[in-house]
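To keep things clear, I will list the structure first and then write my remarks on it.
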Amino acid sequence: MEYQQVTGSLNADRLAYNMDSCTEFKLPPNESCDLDYTNLALVFNYEPERLSVAMLDVGRYICKPYNIEHYSKFGEMSGSILDPARHQELSENLKLYLEVFNAGMRKKWSYQDALSYLRAVVLSGEASDSGMEEMRLALASALPEYQDKFRMSLDSHFVGAFGAAQRARHIVQNPKFLSPSDPGYAPGNPGGHVHEEL
């Protein structure tokens, strides 16, 4: 999968759960929100062949991925993620993933604890319904300290579609939202798109 496809998919995950708005971060009343500062989302994409994990810096117009990892050993086709040995391995891998991310942010940006800016944990993908449910349970067990951050109310199979619809709405309301520019999109054209065949 190419970088552009991955970032487009992650941006759709961000927009599906409206993570371009402070209200959707569901912060406690005593905690302020600044969309121009660090706000993180941990995104899991569960497929038959693999589990992909990415940490995103999100905001009104921001979707910057960090540490994208693909774990083929945790793909649905490899067996139930609730198998005790596989679940233990998943928990250990996720703990290491978060430790490496936190250490990298501390070294590069001097964050004391970057994970304190984690606003959401999202699950999307094309695994079966039963596989998705097992992964939800596995993540809840592996990441108990972040369960209040779980944003999994949408059907995981359609998170990308919901996000794409949100992006389309933003583009219609504000053409500058389209970044990078779609070569077929012309804001001055009443029809919106240039059709070479006409």
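Numbering-wise, full-length UniProt numbering puts 46 at position 46 of the sequence shown, and it's gapless, one number per residue. Where is the CB? At the ideal position from N, CA and C, for every residue including glycine.
Between residue 133 and residue 48, the C-beta gap is not smaller than 8 Å, which leaves the two residues out of contact. Excluding five sequence positions before and after residue 25, the CB atoms of its chain that fall closer than 8 Å to its own CB belong to 19, 33, 39, 119, 120, given in chain order. Nearest C-alpha to residue 69 among 11, 62, 51, 89: 51. In this structure, the straight-line span from the alpha carbon of residue 164 to that of residue 9 is close to 9 Å.
Assigned with DSSP and collapsed to three states, residue 111 falls in coil, not helix or strand. For residue 69, the enclosing beta strand (DSSP E) stretches over residues 63-71.
The three-state secondary structure of residue 137, taken from DSSP, is helix. Remark: C-beta atoms of residue 97 and residue 53 approach each other more closely than 8 Å. Here residue 41 carries a strand assignment [DSSP, helix/strand/coil].
Between residue 138 and residue 81, the beta carbon gap of about 5 Å places them in contact (Cβ cut-off 8 Å). Residue environment analysis places residue 43 among the buried positions, since at least 16 neighbouring C-beta atoms fall within 10 angstroms of its C-beta. Shown here, residue 50 sits in coil according to DSSP, grouped into three states, outside any helix or strand.
If you draw a straight line from the Cα of residue 113 to the Cα of residue 86, it comes to about 28 Å. Per DSSP, residue 169 lies in no beta strand (DSSP E) segment; the continuous alpha helix (DSSP H) that holds it begins and ends at 159-173.
By the 16-neighbour rule on beta-carbons within 10 angstroms, residue 74 is buried.
The straight-line gap separating the alpha-carbon atoms of residue 101 and residue 67 is approximately 7 Å. Per the coordinates, the alpha-carbon of residue 141 lies some 17 Å from the alpha-carbon of residue 130. Rounded to the nearest angstrom, the gap between the Cα atoms of residue 144 and residue 173 is 39 Å.
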